[in-house]
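Number of protein chains: 2
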Amino acid sequence: MTLPRPRTRIQRKNITAILEAALEVFSQYGFRGATLDQIAQASGLSKPNLLYYFPSKEAIHAALLAQLLDTWLDPLRALDPAGDPRQELLAYVRRKLEMSRDFPRESRLFANEILQGAPRIMDAIEGELKPLVDEKAAVIRGWSAAGKIADVHPYHLIFSIWALTQHYADFDVQVRAVLGEEGADPFPEAERYLDMLFTKLLAV
Amino acid sequence: MTLPRPRTRIQRKNITAILEAALEVFSQYGFRGATLDQIAQASGLSKPNLLYYFPSKEAIHAALLAQLLDTWLDPLRALDPAGDPRQELLAYVRRKLEMSRDFPRESRLFANEILQGAPRIMDAIEGELKPLVDEKAAVIRGWSAAGKIADVHPYHLIFSIWALTQHYADFDVQVRAVLGEEGADPFPEAERYLDMLFTKLLAV
DNA sequence: ATTTAATTTGACCAATTGGTCAGGATTACG
DNA sequence: CGTAATCCTGACCAATTGGTCAAATTAAAT
Numbered sequence: 007m008t009l010p011r012p013r014t015r016i017q018r019k020n021i022t023a024i025l026e027a028a029l030e031v032f033s034q035y036g037f038r039g040a041t042l043d044q045i046a047q048a049s050g051l052s053k054p055n056l057l058y059y060f061p062s063k064e065a066i067h068a069a070l071l072a073q074l075l076d077t078w079l080d081p082l083r084a085l086d087p088a089g090d091p092r093q094e095l096l097a098y099v100r101r102k103l104e105m106s107r108d109f110p111r112e113s114r115l116f117a118n119e120i121l122q123g124a125p126r127i128m129d130a131i132e133g134e135l136k137p138l139v140d141e142k143a144a145v146i147r148g149w150s151a152a153g154k155i156a157d158v159h160p161y162h163l164i165f166s167i168w169a170l171t172q173h174y175a176d177f178d179v180q181v182r183a184v185l186g187e188e189g190a191d192p193f194p195e196a197e198r199y200l201d202m203l204f205t206k207l208l209a210v
Numbered sequence: 007m008t009l010p011r012p013r014t015r016i017q018r019k020n021i022t023a024i025l026e027a028a029l030e031v032f033s034q035y036g037f038r039g040a041t042l043d044q045i046a047q048a049s050g051l052s053k054p055n056l057l058y059y060f061p062s063k064e065a066i067h068a069a070l071l072a073q074l075l076d077t078w079l080d081p082l083r084a085l086d087p088a089g090d091p092r093q094e095l096l097a098y099v100r101r102k103l104e105m106s107r108d109f110p111r112e113s114r115l116f117a118n119e120i121l122q123g124a125p126r127i128m129d130a131i132e133g134e135l136k137p138l139v140d141e142k143a144a145v146i147r148g149w150s151a152a153g154k155i156a157d158v159h160p161y162h163l164i165f166s167i168w169a170l171t172q173h174y175a176d177f178d179v180q181v182r183a184v185l186g187e188e189g190a191d192p193f194p195e196a197e198r199y200l201d202m203l204f205t206k207l208l209a210v
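These protein sequence lines are chains A and B, in that order.
When we follow the working numbering, the leftmost residue of the first sequence carries the number 7, and every step to the right adds one.
When we follow the working numbering, the leftmost residue of the second sequence carries the number 7, and every step to the right adds one.
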């Protein structure tokens, strides 16, 4: 059995550049709307050079989705059943909002996939996300039953956390346009607002 | 001056079919990712036939966006400064959720435009949406100052209504996949959940 | 029934798209 | 330094894309 060669300096440089450029283009235009020429140009390579590193447009896209899914579930996984319910949920909200602030394009890549009907990530949704959500929903339901937090529908609670945090990434241009100069950076106020919203919602 | 001829039976039929088909395709794939062939096929016409009614792909898309923008702002416009603040805001939430339920593709068309950086609707956002939001934000701020509702950041309140209601349309495939068979129709529970969320949030 | 207007579409077009490939250029390594 | 490996790209390809157009067909008006 042959060991795969370690990645060369140039490979590491160019693969990074390609994925960075592809994230920009795919997150904006989706899979069908993105072109290899756009990605090649944005990465500073020629199209055949880009295809030297990735066999196809599909492969680039798949690599991005794999990266995304590798980290997207971590915040929900971190929800500790043994922890303080309110702190755990507020920490989850904060973590999700931070991700929207720090990885807006990844959020938009995901949104784009969902808008298309999730053709490439439905396996991951059904196979990983759903079981995880089911598990955490049961935890939340237990917390409610024990009177530790208000009685809320666990699934809709989780959806609301996703909706409220991802919105700042996915609809970023709208949020910034509506806020104008006054709200140059929406995230500090968003964090305060969401903290308050969920604190009140969960209060017994 | 020549009066425009009224639309013929066939024109009405075919223009409707084209816009219906185009809404399906554009809301899924965005402008760049959609093709005239797809739209033609979905509308039951040939491509040249489709182009007999609309001069270009751009023109079809523009017609859809014009329709969308014509109705999208109505619920916020209906927020009555003289009404009961809590009832007005809860009515707005309900109306927005109904729109997500009844016009999910329109919501996704809008989301797609925003993900692309809003290249074709930024004039409408800055020229119509922002002034309207500014106006209603001032109303909400007045309500808070008068102690009629809790002191919340008006803009983030409005964003949260958009985020929470549109999510059910935009992320519909994810919501339904996570809920599985148990949540065949998420909207009744969503309405209850959002009523409660905003009731608690706005409570003084 | 005839004429005029509207509608439909196969064939075609230039440009774009996701790729392929051979050969030259650059890099890495002994 | 020489050589092997890696990297790069102009030229090319078939398929697709947003259209165009003239002639045939259908619908509406007289």
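For glycine and all other residues, C-beta sits at the position ideal for the given N, C-alpha and C.
Note that the structure is predicted; figures quoted are calculated from it, not measured.
If you follow the alpha helix (DSSP H) that residue i is in, where does it begin and where does it stop?
i, result
"H162 (chain A)", "P160 to D176"
"P137 (chain A)", "K136 to A151"
"R107 (chain A)", "P91 to D108"
"G123 (chain B)", "It is not in any alpha helix (DSSP H) - G123 (chain B) carries neither H nor E in the DSSP assignment."
"F37 (chain B)", "R15 to G39"
"E197 (chain B)", "F193 to L208"
"K53 (chain A)", "K53 to Y59"
"R83 (chain A)", "D80 to R83"
"A48 (chain A)", "L42 to S49"
Run through chain B and tell me which residues come within less than 7 Å of residue i, C-beta to C-beta.
i, result
"F2 (chain A)", "Examination of residue 2 (chain A) is not possible in this model, given that chain A is present from 7 through 210 alone."
"R38 (chain A)", "Y35 and G39"
"H67 (chain A)", "Within chain B, no residue comes near H67 (chain A); the closest Cβ sits about 13 Å away, beyond 7 Å."
"V139 (chain A)", "V184"
"L103 (chain A)", "Simply none; closest approach about 12 Å."
"L29 (chain A)", "Within chain B, no residue comes near L29 (chain A); the closest Cβ sits about 13 Å away, beyond 7 Å."
What residues from chain A crowd round residue i, counting only those whose CB sits closer than 9 Å?
i, result
"G133 (chain B)", "None at all; the shortest Cβ gap to chain A is about 10 Å."
"A84 (chain B)", "The premise fails here: A84 (chain B) is roughly 18 Å from chain A at the closest Cβ pair, so nothing lies under 9 Å."
Which residue from the options puts its Cα closest to that of residue i?
i, options, result
"V181 (chain B)", "A:A190, A:L185, A:F165 and A:V158", "A:F165"
"I176 (chain B)", "B:L82, B:S33, B:E94 and B:H162", "The question names Ile, but residue 176 (chain B) in the sequence shown is Asp. Comparing Cα-Cα distances from D176 (chain B) to each of B:L82, B:S33, B:E94 and B:H162, the minimum goes to B:S33."
"E197 (chain A)", "A:R126, A:R101, A:L135 and A:R111", "A:R101"
"K63 (chain A)", "A:P81, A:D191, A:A84 and A:R38", "A:R38"
"E132 (chain B)", "A:A97, A:R92 and A:A183", "A:A183"
"D108 (chain B)", "B:L135, B:A69, B:T171 and B:P12", "B:T171"
"L70 (chain B)", "B:L25, B:L96, B:T205 and B:H159", "B:L25"
"P194 (chain B)", "B:A130, B:S106 and B:P137", "B:S106"
"G148 (chain B)", "B:R126, B:R92 and B:A190", "B:R92"
"L137 (chain B)", "B:A169, B:L82, B:E112 and B:I120", "Residue identity check: residue 137 (chain B) is Pro in the sequence provided, not Leu. Selected option, being the one with the closest Cα: B:L82."
"A68 (chain B)", "B:A130, B:L103 and B:L203", "B:A130"
"A65 (chain B)", "B:I21, B:D90 and B:T205", "B:I21"
"F60 (chain B)", "B:R18, B:A97 and B:G89", "B:R18"
"L163 (chain B)", "A:I127, A:D201 and A:L163", "A:D201"
Could you check how far apart the C-beta atoms of residue i and residue j are, in whole angstroms? I think they sit under 8 Å.
i, j, result
"Y161 (chain A)", "V145 (chain A)", "Contact flag wrong, Cβ pair sits at about 12 Å."
"L207 (chain B)", "A156 (chain B)", "7 Å"
"G186 (chain A)", "Q122 (chain A)", "Wrong, their Cβ atoms sit about 32 Å apart, outside the cutoff."
"K142 (chain B)", "L85 (chain B)", "5 Å"
"Y199 (chain B)", "V158 (chain A)", "7 Å"
"I167 (chain B)", "V99 (chain B)", "5 Å"
"V31 (chain A)", "A124 (chain B)", "In fact, because the Cβ distance is near 17 Å, the residues do not count as touching under 8 Å."
"L135 (chain A)", "L79 (chain A)", "7 Å"
"I16 (chain A)", "A28 (chain A)", "Not confirmed; about 18 Å, so no contact."
"A5 (chain B)", "A169 (chain A)", "Residue numbering for chain B in the displayed model covers 7 to 210; residue 5 (chain B) lies beyond these limits and cannot be assessed."
Can you list the residues of chain B that residue i reaches, using a CB-CB cut of under 8 Å?
i, result
"M128 (chain A)", "V179 and A183"
"H159 (chain A)", "E195, R198 and Y199"
"A117 (chain A)", "A117, L121, D176 and F177"
"L95 (chain A)", "Here the premise fails: no neighbours, minimum Cβ distance about 13 Å."
By the criterion of Cβ-Cβ separation under 9 Å, what are the contact partners of residue i in chain B?
i, result
"H173 (chain A)", "F165, S166, W168, A169, L170, Q172 and H173"
"L74 (chain A)", "Correct list: empty, because the minimum Cβ distance to chain B is about 14 Å."
For residue i, go through chain A and note every residue whose CB falls closer than 7 Å to its CB, in chain order.
i, result
"R114 (chain B)", "L121"
"K206 (chain B)", "K206 and L207"
"L213 (chain B)", "Beyond the ends of chain B as shown, which are 7 and 210, falls residue 213 (chain B); an answer cannot be given."
For residue i, return the contacting residues in chain A, with the cut-off set at a CB-CB distance below 8 Å.
i, result
"A124 (chain B)", "V179, Q180 and A183"
"K136 (chain B)", "A183, V184 and G186"
"L71 (chain B)", "The premise fails here: L71 (chain B) is roughly 14 Å from chain A at the closest Cβ pair, so nothing lies under 8 Å."
"L79 (chain B)", "The contacting residues do not exist; L79 (chain B) stays about 12 Å from chain A at best."
Inset, instruction - Could you tell me whether the segment 63–77 of chain B touches the segment 112–121 of chain B, where touching means 3 or more Cβ pairs closer than 8 Å? - result: yes
Legend entry - Meets three-Cβ-pair contact criterion under 8 Å: the segment 40–59 of chain A and the segment 49–59 of chain B: no
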